[in-house]
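Just so you know, the protein sequences line up as chains A and B, in that order.
The first sequence maps to residues 1 to 149 in my numbering.
The second sequence maps to residues 150 to 298 in my numbering.
Beta carbons: idealized from backbone N, C-alpha and C, even for Gly.
If you're wondering where the values come from, they're calculated on a predicted model, not measured in any experiment.
There are 2 protein chains.
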Amino acid sequence: MGIAEDIKQETFKSEYAKAIINIIFSSAWLQQQHVQLFKSNGLTTPQYNILRILRGQHPNPATVNLLIERMLDKSSNASRIVDKLEQKGLVKRSQCKNDRRAVDVYISEAGLKLLKEMDVKMDEWENANNTLTETEAATLNTLLDKLRS
Amino acid sequence: MGIAEDIKQETFKSEYAKAIINIIFSSAWLQQQHVQLFKSNGLTTPQYNILRILRGQHPNPATVNLLIERMLDKSSNASRIVDKLEQKGLVKRSQCKNDRRAVDVYISEAGLKLLKEMDVKMDEWENANNTLTETEAATLNTLLDKLRS
DNA sequence: TTATTTAAAATGTTGTTACATTTAATGTAA
DNA sequence: TTACATTAAATGTAACAACATTTTAAATAA
């Protein structure tokens, strides 16, 4: 059951053209499963991603600008996503000492605790779904990196 | 310049965990470029995808249900996307003879003409960006299919 | 210094997505 | 046949994304 059956298109112009569709389709397939996981913890995908970045910085803060830089989807609205996370008590905001224009964002204890719970779920999901050997996954990474180069 | 540099994360739990991020990041990278192409022809990505499906059916119609089935993003609102395409004169709608609940959607001459123009652009873009050999692309397809299996 | 430009974050606006509900037609069972 | 369930499409609504504009602060130039 390859991509051709999945999207009911039997022929492609080239293996490369097929790979482009395959990447986009596989990404949507993965993300749909992530969305379900995140939703069961009351988070959206961008909210989860921002929490992950903040944990990476912890105990240091991240400015909103840093969040924008690191987010996979650059054009989304980091400021309003931080609003939502703050409303839920998962992050804290405070004015940056060095630059009063900037805002320091920290992950809270509640945020860390939530991520810890989600780590377990993510691990379970990954182990349950991993059909590739480490060697195959490494090849996949090499090819994707080459594709974007 | 691999995914680690791209998203500024130096370590991953496994090659598989890295591959998941890599697929999602690569998909976003590809789609951002598509969005620019489509936008220069006044289309969004879902609108383009629906036109492609309708061309695949041409000269036969597709019902809205068939469009939903074939769309990569199933949950999006096919009915309203068809609205937009109809407003632009790129598709035509008519009541289905066999089932008066259903609606037959056809691509119009203007729609076919637009897609033809975009085919040229897409080919140019693909050729300009293809950094993989056909063999590499084929391996990539095999691995992605296996990942979803 | 004062004016101008640049930068960081927040906000306004418009269109879209996700999801639920409605409307109308068809299928099916009593 | 009537009643009930199912299906196809459209529509209502709330949250979200994309993109422009505004606000405040900092950097730079005259």
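beta-carbon residue i near the ligand MN non-hydrogen atom, thresh 7 Å
i: B:Thr194; result: Questions concerning the ligand MN fall outside what the structure shown contains, since it holds no ligand whatsoever.
Minimum C-alpha distance to residue i - residue among the options
i: B:Arg201; options: B:Ala287, B:Glu275, B:Glu266; result: B:Glu266
i: B:Val184; options: B:Gln244, B:Ile169, B:Asn198; result: B:Asn198
i: A:Ala62; options: A:Lys13, A:Asn127, A:Val91; result: A:Val91
i: A:Lys88; options: A:Gly111, A:Asn60, A:Leu54, A:Trp29; result: A:Gly111
i: B:His207; options: B:Asn247, B:Tyr255, B:Ala177, B:Glu164; result: B:Tyr255
i: B:Ser163; options: A:Thr135, A:Lys146, A:Glu10; result: A:Thr135
i: A:Gly56; options: B:Thr282, B:Met271, B:Glu275, B:Ile156; result: B:Ile156
i: B:Pro195; options: B:Leu289, B:Asp294, B:Arg229, B:Met271; result: B:Arg229
i: A:Met71; options: B:Leu186, B:Asp294, B:Trp178; result: B:Trp178
i: B:Glu258; options: B:Glu235, B:Leu192, B:Ala286, B:Ala153; result: B:Glu235
i: A:Ala102; options: A:Ile68, A:Leu114, A:Asp119, A:Tyr16; result: A:Ile68
i: A:Lys18; options: A:Gln31, A:Gly2, A:Gln32, A:Gln33; result: A:Gly2
i: A:Lys74; options: B:Leu296, B:Glu275, B:Gln180; result: B:Gln180
i: A:Glu148; options: A:Ile23, A:Glu10, A:Phe12, A:Ala4; result: The residue asked about is misnamed: residue 148 of chain A is Arg in this sequence, not Glu. It is A:Ile23.
i: A:Asn129; options: B:Gly191, B:Tyr165, B:Glu273, B:Asp232; result: B:Tyr165
i: B:Lys233; options: B:Thr193, B:Leu215, B:Ser243; result: B:Thr193
i: A:Lys39; options: A:Ala137, A:Asn127, A:Lys121; result: A:Lys121
Chain B contact for residue i (CB, 8 Å cutoff)
i: A:Ile50; result: no
i: A:Leu132; result: yes
i: A:Lys39; result: no
i: A:Lys8; result: yes
i: A:Ser14; result: yes
i: A:Gly111; result: no
i: A:Ile81; result: no
Residue-level contact to chain A via CB, residue i, 8 Å cutoff
i: B:Met267; result: no
i: B:Lys246; result: no
i: B:Asp253; result: no
i: B:Arg250; result: no
i: B:Thr288; result: yes
i: B:Lys295; result: yes
i: B:Ser298; result: yes
i: B:Lys237; result: no
i: B:Gly191; result: no
i: B:Leu292; result: yes
i: B:Ser257; result: no
i: B:Glu273; result: no
Where residue i sits in the DSSP three-state scheme
i: A:Asp73; result: coil
i: A:Lys92; result: strand
i: A:Ala62; result: strand
i: B:Ile156; result: coil
i: A:Asp119; result: helix
i: B:Asp253; result: strand
i: B:Phe161; result: coil
i: B:Lys246; result: coil
i: B:Thr280; result: coil
i: B:Thr288; result: helix
i: A:Thr45; result: helix
i: A:Gly2; result: coil
i: A:Ser149; result: coil
i: A:Ser40; result: coil
Whole-angstrom C-beta distance between residue j and residue i, which should lie under 8 Å
i: A:Thr139; j: B:Thr288; result: 7 Å
i: A:Thr142; j: B:Lys295; result: Contact doesn't hold; Cβ gap of about 16 Å is too wide.
i: A:Gln9; j: A:Trp125; result: Actually they are not in contact, since the Cβ atoms of A:Gln9 and A:Trp125 sit about 29 Å apart, beyond 8 Å.
i: A:Ser94; j: B:Ser176; result: Not really, about 35 Å apart at Cβ, beyond 8 Å.
i: B:Asn190; j: B:Leu293; result: The Cβ separation is near 28 Å, so there is no contact.
Proximal residues, the segment 166 to 186 of chain B versus chain A, C-beta separation under 7 Å: Ala166, Lys167, Ala168, Ile169, Asn171, Ile172, Ile173, Phe174, Ser175, Ser176, Ala177, Trp178, Leu179, Gln180
The segment 203 to 227 of chain B: which residues have C-beta closer than 7 Å to a C-beta of chain A, in chain order? Arg219, Leu221, Asp222
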